[in-house]
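Following: one structure in structure tokens, then a few remarks.
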Amino acid sequence: MIKKATWTLGADHSQGASPPIREIECTTCQDRSEASTDQLGPDSWALRHAGLTGHTGYREIVTAFLRATPGPGKGQLPTP
Numbered sequence: 010m011i012k013k014a015t016w017t018l019g020a021d022h023s024q025g026a027s028p029p030i031r032e033i034e035c036t037t038c039q040d041r042s043e044a045s046t047d048q049l050g051p052d053s054w055a056l057r058h059a060g061l062t063g064h065t066g067y068r069e070i071v072t073a074f075l076r077a078t079p080g081p082g083k084g085q086l087p088t089p
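The opening position of the sequence shown corresponds to residue 10 in the numbering used here, with each subsequent residue numbered one higher.
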């Protein structure tokens, strides 16, 4: 346990970290786009789906990868 440690949580920008992965799901029929790290693919799918079906409600599903980092002078994570 670390006492009085200040930590921050944010996007993982470490080498090899994955960018956020996005999908868009139709809230009418639950059909969804392919998962993609590119915004254009899911957005294009939703617009095409709307044009073909007339469905207008969508949910964006984003998986973002985060990293907790100790504050200045707090050192590394303890080993369990």
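Beta carbons: idealized from backbone N, C-alpha and C, even for Gly.
Nearest residue (CA-CA) to residue i, options the options
| i | options | result |
| --- | --- | --- |
| Gln-39 | Arg-68, Phe-74, Pro-81, Gly-25 | Arg-68 |
| Ala-26 | Pro-79, Phe-74, Gly-80, Thr-78 | Phe-74 |
| Pro-29 | Thr-72, Glu-43, His-22 | Thr-72 |
Beta-carbon proximity list for residue i, same chain, < 8 Å, skipping 5 on both sides
| i | result |
| --- | --- |
| Thr-17 | Ala-77, Thr-78, Gly-80 |
Close-in-space but distant-in-sequence residues of the same chain around residue i (CB under 7 Å, 5 per side omitted)
| i | result |
| --- | --- |
| Thr-65 | Ala-59 |
| Glu-34 | Arg-41, Tyr-67, Arg-68, Ile-70 |
| Pro-51 | Arg-31, Glu-32, Ile-33, Ser-42, Ser-45 |
| Thr-37 | His-64, Gly-66 |
Any non-hydrogen atom of the ligand PLP closer than 8 Å to residue i Cβ
| i | result |
| --- | --- |
| Thr-78 | In the structure shown, the ligand PLP is absent, as is every other ligand, since no ligand is present at all. |
Buried versus exposed call for residue i [16 or more other C-beta atoms within 10 Å across all chains shown]
| i | result |
| --- | --- |
| Ala-55 | buried |
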